[in-house]
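If you want the numbering used here, it's the 1-based position in the sequence shown plus 1. Here the structure is laid out as structure tokens; the discussion comes afterwards.
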Amino acid sequence: MAEFKDRWVKEYTPGPGDNIGRALRREGPLKPRISTGVNIVQRQRGSLDRMVSKLESRDRALLGKVAAAIGRHDMYSARALAGELSELRKVKKIMLMAKLSLEKVEIRLSGYVDLGDTVAVIAPAVQLMKKLGSSLGRFIPEADTELNQMAETLNTFMSKTTGGDVFGVDPASDAETQKIMQEAGAVAAEAVGSKFPAAPAEAQGAWVTRL
Numbered sequence: 002m003a004e005f006k007d008r009w010v011k012e013y014t015p016g017p018g019d020n021i022g023r024a025l026r027r028e029g030p031l032k033p034r035i036s037t038g039v040n041i042v043q044r045q046r047g048s049l050d051r052m053v054s055k056l057e058s059r060d061r062a063l064l065g066k067v068a069a070a071i072g073r074h075d076m077y078s079a080r081a082l083a084g085e086l087s088e089l090r091k092v093k094k095i096m097l098m099a100k101l102s103l104e105k106v107e108i109r110l111s112g113y114v115d116l117g118d119t120v121a122v123i124a125p126a127v128q129l130m131k132k133l134g135s136s137l138g139r140f141i142p143e144a145d146t147e148l149n150q151m152a153e154t155l156n157t158f159m160s161k162t163t164g165g166d167v168f169g170v171d172p173a174s175d176a177e178t179q180k181i182m183q184e185a186g187a188v189a190a191e192a193v194g195s196k197f198p199a200a201p202a203e204a205q206g207a208w209v210t211r212l
């Protein structure tokens with residue numbers, strides 16, 4: 002029991018030369034490594050929060066410009082601005098979905114209690130991180146590297162402790178991953194649709210016709 006406790010809770014403090022990869026791959030206590038993973042997820046969520054906030058400000062500004070252009074009967078400008086707003090909202094939806102999914106990952110990692118939780122808790126989290134890393138890499142370059150590195154490290158941990166491989170996807174955990182992604186997508190779509198009004202219909206219709 003004492004040996005397991007040491008492996009689980011013994012504190013590890015990264016030194017000045019330790020990067021995230023070394024901190025996660027470091028052999029020894031499990032809990033500090035899981036905590037490091039949670040910190041990475043929290044940092045990426047913070048980056049997404051800031052980017053979404055900027056996009057929301059841009060959304061409001063563009064919507065105002067579309068309305069002003071229509072008020073001036075400048076339909077060419079209104080169409081162009083409505084198209085830009087439409088693309089911006091697509092990006093914002095992706096970021097909101099990623100943020101919500103990262104929250105799920107954080108909850109799973111924070112709730113990790115013992116080795117018996119390994120498959121049920123970590124497997125879906127690892128798969129989510131792999132999916133999110135490639136998606137977020139377009140907007141936050143370091144996110145792809147950090148999340149994939151963490152996913153691979155946790156996968157190695159899974160292999161050592163259970164003899165299994167997270168990336169040899171088990172149907173139950175894959176279904177859970179897909180469910181989380183779908184839930185996050187639905188919430189993100191609702192958030193984008195309810196928080197901001199649509200661009201004026203006249204400008205949107207003209208933009209679609211032009212395409």
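The beta-carbon is built from N, C-alpha and C at its ideal position, and this holds for glycine as well. What you are looking at is a predicted structure, and each value in this text was computed from that prediction instead of being measured.
1. Could you please give the first and the last residue of the uninterrupted alpha helix (DSSP H) stretch that includes residue 80?
2. Is DSSP giving residue 59 helix, strand or coil here?
3. Work out the CA separation of residue 62 and residue 107 for me, nearest whole Å.
4. Suppose the cutoff is 8 Å on Cβ atoms and the five residues either side in sequence are ignored; what does the same chain contact list for residue 43 look like?
5. Kindly indicate which residue of 89, 128 and 101 has the alpha-carbon position closest to the one of residue 55.
6. Assuming residue 130 contacts residue 152 (C-beta within less than 8 Å), just tell me the rounded distance between them.
7. Give me the Cα-Cα distance between residue 33 and residue 109, rounded to the nearest whole angstrom.
8. For residue 82, which of 60, 97 and 101 has the nearest alpha-carbon?
9. Let me check understanding here. Comparing Cα to Cα, which of 53, 75 and 146 lies closest to residue 91?
10. Please work out which residues of its chain come closer than 6 Å, Cβ to Cβ, to residue 66, disregarding the five sequence neighbours upstream and downstream, and give them in chain order.
11. Does the ligand SAH have a heavy atom nearer than 7 Å to the CB of residue 50?
12. Is residue 73 helix, strand or coil by DSSP?
13. What's the C-alpha gap between residue 38 and residue 93?
14. Comparing C-alpha positions only, which one of 95, 97, 69 and 111 sits nearest to residue 40?
On the basis of the data shown:
1. As a first step, residue 80 is located in the sequence shown; it is residue number 79 there, counting from the start. Here the alpha helix (DSSP H) through residue 80 covers 76 to 111.
2. Looking up residue 59 in the sequence shown gives position 58. It is helical.
3. In the sequence shown, residue 107 corresponds to position 106, counting from 1. In the sequence shown, residue 62 corresponds to position 61, counting from 1. Taking the straight line from one Cα to the other gives about 33 Å.
4. For the purposes of this step, residue 43 is taken as the residue at position 42 of the sequence shown. When the five nearest sequence neighbours on each side are left out, the beta carbons in the same chain lying within less than 8 Å of the beta carbon of residue 43 are those of 107, in order along the chain.
5. Locating residue 55 in the sequence shown gives position 54, where the first residue counts as 1. Checked all of 89, 128 and 101; the closest Cα to residue 55 is 89.
6. Taking the sequence shown and counting its residues from 1, the one referred to as residue 130 is at position 129. Taking the sequence shown and counting its residues from 1, the one referred to as residue 152 is at position 151. The pair is a contact, with the Cβ atoms about 4 Å apart (cut-off 8 Å).
7. On the sequence shown, residue 33 is found 32 positions in, with the first residue counted as 1. On the sequence shown, residue 109 is found 108 positions in, with the first residue counted as 1. Rounded to the nearest angstrom, the two C-alpha atoms are 15 Å apart.
8. The count along the sequence shown starts at 1 and reaches residue 82 at position 81. Here the closest residue by C-alpha is 60.
9. As a working mapping, residue 91 is identified with position 90 in the sequence shown. Out of 53, 75 and 146, 53 has the C-alpha closest to the C-alpha of residue 91.
10. Sequence index remark: in the sequence shown, residue 66 carries index 65 (1-based). Contacts found: 82.
11. Among the components of this structure there are no ligands whatsoever, and the ligand SAH is therefore not found.
12. Indexing the sequence shown from 1 puts residue 73 at position 72. Correct three-state label for residue 73: coil.
13. Here the question's residue 38 lines up with position 37 in the sequence shown. Here the question's residue 93 lines up with position 92 in the sequence shown. Each residue's alpha carbon lies about 25 Å from the other.
14. In the sequence shown, the residue the question calls residue 40 occupies position 39. Of the candidates 95, 97, 69 and 111, the one whose C-alpha sits nearest the C-alpha of residue 40 is 111.
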